[in-house]
Amino acid sequence: MADTMQFDLVSPERSLASVPVREVRLPGSDGDLTAMPGHAPTIVTLRPGMVTLVGADGSTKEFAVTGGFAEINQESVSLLAERGHPREEITQEVYNDMLKDAHRAHRSAKERREHVGEEIVTAAVKLLGDMQALGTHIGLDPNQATVPD
Numbered sequence: 528m529a530d531t532m533q534f535d536l537v538s539p540e541r542s543l544a545s546v547p548v549r550e551v552r553l554p555g556s557d558g559d560l561t562a563m564p565g566h567a568p569t570i571v572t573l574r575p576g577m578v579t580l581v582g583a584d585g586s587t588k589e590f591a592v593t594g595g596f597a598e599i600n601q602e603s604v605s606l607l608a609e610r611g612h613p614r615e616e617i618t619q620e621v622y623n624d625m626l627k628d629a630h631r632a633h634r635s636a637k638e639r640r641e642h643v644g645e646e647i648v649t650a651a652v653k654l655l656g657d658m659q660a661l662g663t664h665i666g667l668d669p670n671q672a673t674v675p676d
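Numbering (our numbering), first residue to last: 528 to 676.
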């Protein structure tokens, strides 16, 4: 079995990474998971959180994602993020913008509850909570984001 696998991360704005890795830690919507060479093929829905890459030398690199999908197989992980940024690019201002989107989705779901159903409202609440946890995890204050009107 190979020691590394190919990892590719793209968002609608740009390609964020294309590197060989020893492991990839993903924030799956059904729970966190780690993909390594030889992993069983699967497709994973992602929730907001940190994607951590571990290189062959043990070094790590982190990316914040707001959701998306990852296709995992024995030789690679391909991740399509709704929105993604390298950890070092996540400033309070960038985070506030990401959190505002989650607040908008939450408010929209609540306003349309009778049309979209309770499951959508619950998903929006979870999205907002995951976004707040992401900011706290990386040392940013979720209370600084001005909630949109």
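A virtual CB, placed ideally from N, CA and C, is assigned to each residue, including glycine. These numbers come from a predicted model, not from an experiment.
Restricting to Cα atoms, I'd like to know which of the options is closest to residue i.
| i | options | result |
| --- | --- | --- |
| His664 | Ser545, Pro539, Val537, Pro554 | Pro554 |
| Glu616 | Thr531, Val548, Leu667, Thr561 | Leu667 |
| His566 | Gly558, Arg574, Val551, Thr572 | Val551 |
| Val581 | Ile570, Thr569, Val571, Val604 | Val604 |
| Leu607 | Asp628, Asp530, Arg541 | Arg541 |
| Thr572 | Gly585, Pro564, Gly558 | Gly558 |
| Ala562 | Glu641, Gly656, Gln533 | Gln533 |
| Arg631 | Gly611, Glu645, Val652 | Val652 |
| Gly585 | Ala650, Pro669, Asp530 | Asp530 |
| Glu589 | Gly611, Pro568, Glu645 | Gly611 |
| Asp657 | Lys627, His642, Gly644 | Lys627 |
Could you check where the beta strand (DSSP E) with residue i kicks off and where it finishes?
| i | result |
| --- | --- |
| Arg552 | 550 to 555 |
| Pro613 | 611 to 613 |
Let's see if you can read the secondary structure: which residues bound the alpha helix (DSSP H) around residue i?
| i | result |
| --- | --- |
| Gly656 | 645 to 664 |
| Arg634 | 619 to 638 |
Tell me, please, which residues DSSP counts as bridged to residue i.
| i | result |
| --- | --- |
| Ile737 | In this structure the chain extends from 528 to 676, so residue 737 is not present and cannot be described. |
Which whole runs of the alpha helix (DSSP H) in the region 529 to 597 are 4 residues long or more, in chain order? none
Touching or not, the region 634 to 645 and the region 595 to 612, by the rule of three or more beta carbon pairs under 8 Å? no
Cβ contact (3+ pairs, closer than 8 Å) linking the region 589 to 597 and the region 568 to 578: yes
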